[in-house]
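Take the sequence shown: its letters are residues 35 to 578, numbered as in our numbering.
Reviewing the structure listed below.
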Amino acid sequence: MFPKSLKVKVSIYLTVVLVVVMVFFILLLVRQERNEQLRILIGHMTQLSQVIERSTRYAMLLDEPDIVDKIIEDIGKQDGIKRVRVLDKSGMIAHSNYPDEIGDHIDKKAEHCTVCHEGKKALSDIPNHKKWRLFETEGRHQMLGNMEVIRNEPSCSGADCHKHPKSQSVLGVVDITYSLDEVDRTMRAHMVNMVVISIGFIFLVSLSVGWLLHRLIYVPLRDLENGARRLATGDFDHSIPVRGDDEFGSLALYTNQMTAALKKSRGELEEWVQTLEHKVKERTQELRRAEAEVARGEKLASIGKLAAGIAHELNNPLTGVLTFTSLLRKKMPEGSQDAEDLDLVIRETKRCASIIRRLLDFAREKTPEKKLADLNQIVRETVQFVERSAALQQIDIAMELDPGLPQLLVDADLIKQVVMNILVNAQQAIEERGHIVVQSRLHAGKRLSAFGDAPVPAVEIAITDNGCGIPEANMQRIFDPFFTSKEVGKGTGLGLSVSYGIVKSHGGEIEVESKVGEGTTFRIYLPARAPVAEAESKPLESMQ
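Quick look at the structure:
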């Protein structure tokens, strides 16, 4: 499988290119070296042929053929010289370092004769480039042949020993054959050396270029790859190292700037999403509260109509029963069983009449008669009314009232009824020894649904008890009419419903916090505003 790493790919491609270049270079160099060796060798053999030609001429002038044989024999013993022969014009071997072939004739079609006898007439003047030849023996040995023409010069034709006429221009040929085995061995050794040097050169170049690629290209690319990978996973804190002022350094710098911009954009987007979620959550809660208020209002209106009808139907019969029972009670002697029974009837009839009266108050939705009042004083009077009965149950009632509260435009009797209902519920929620804390304080800005989204100054009344608490399942129903968790005969379920209506009619809100086994806190918020007539004659700041 082909590697995917850029570093490995570049190294492989570079090595292949270097190998191809070096092979071509070695072949070219070997060829050039061989040609140079042949050129030197040809020059040497040409000089040697000329030496033999002059030496043999001198010996022939002396008519000493033995000296010629000796010269040829000595020359034939030199390294590399395979054969030295002197041929006469007829092609007979006159002298040779191989005595056995002396006197033999050579065919004109032989490879070393065709140069002179390639036409119908033998050449008397041979060009230098045709004096040497390359051929191969039967044992596949490379040979280099060279010949030199022996001319019939005047010194030869005029000598007493000369047997040839002056008209004959060529007396014979000196033929030397040189073995190229040593040259081939030298060239092979040179080739091996060059291959080894080339391999070392390729290794060093590959190593050097690989290191440069690793330092200048691969390391910056790896940094960019790691940065891109971490950026893809959402890591905007990773910074790519800037290793120089080249293109990779500029790319790393711009990538870091892009990452910083993305991080900033992502932070802004997350903040915007969180803000949007928070706003959606707030709007959803407000919508749910509005829906709950609308549903509660519709429920209260329906129950109010039903209660008004029932109250009207029951009020007159109960009045008659109470009247005639009271008259009968007056006729009965004290302590009699009939008197006790009539007292029970009168007591229960009055309780029914009280329930009907509260039903009528709930159904009629009495309009508050608002006047400036001291809220702390209203709380004190209400607490005084219930603290004696609370003391009998060993319940302490503590007041923590803010003396700096402004006067409020409220219906004092209705606010007393609200505080009374909550105090009675708190008292009934404490089974034995406990305490109730009533607090008041001023809020500079409180959002009330009756005033929209703008915060308004408001006064808070908080009533906290350490009673049994309200279960979570009942928290959404405590303000529903006739809903109660008390035992039969201890509650009608109208107290909190009436209180809720009274607070809403004053433009306020009522909230509850409770934990089962720890206690409950009711918070009543009333807007702190003065009447128009008072506002004209007295600034609002002085009222607060």
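Yeah, the Cβ is synthetic: ideal placement off N, Cα and C, and Gly gets one too.
Note that this is a predicted model, so its numbers are computed, not measured.
Check                                                                                            : Outcome
Beta-carbon proximity check, residue 497 vs residue 464, cutoff 8 angstroms                      : no
Closest residue to residue 184 among 64, 364, 128, 402 (Cα-Cα distance)                          : 128
Spatial distance of residue 544 from residue 556 (CA atoms)                                      : 7 angstroms
8 angstroms Cβ cutoff met for residue 276 and residue 287                                        : yes
Which of helix, strand or coil DSSP assigns to residue 69                                        : helix
CB of residue 217 within 8 angstroms of CB of residue 84, strictly                               : no
DSSP state of residue 488 mapped onto helix, strand, coil                                        : coil
Contact check, residue 225 vs residue 106, beta carbons under 8 angstroms                        : no
Rounded C-alpha distance that separates residue 236 from residue 52                              : 6 angstroms
Residue 409 versus residue 437: straight-line alpha-carbon distance, rounded                     : 10 angstroms
Distance, residue 65 Cα to residue 234 Cα                                                        : 22 angstroms
Distance between beta carbons of residue 110 and residue 118, contact taken as under 8 angstroms : 5 angstroms
Beta-carbon proximity check, residue 387 vs residue 361, cutoff 8 angstroms                      : no
Through-space distance from residue 558 to residue 506, alpha-carbon basis                       : 20 angstroms
Beta-carbon spacing of residue 82, residue 210 below 8 angstroms                                 : yes
Contact check, residue 416 vs residue 365, beta carbons under 8 angstroms                        : no
Exposure of residue 455, with buried meaning 16 or more beta-carbon neighbours within 10 Å       : buried
Local conformation of residue 123 per DSSP, three classes                                        : coil
Beta-carbon spacing of residue 503, residue 468 below 8 angstroms                                : no
Backbone secondary structure at residue 368 - three-state DSSP                                   : coil
Where residue 246 falls, given that 16 or more other Cβ within 10 Å makes a residue buried       : exposed
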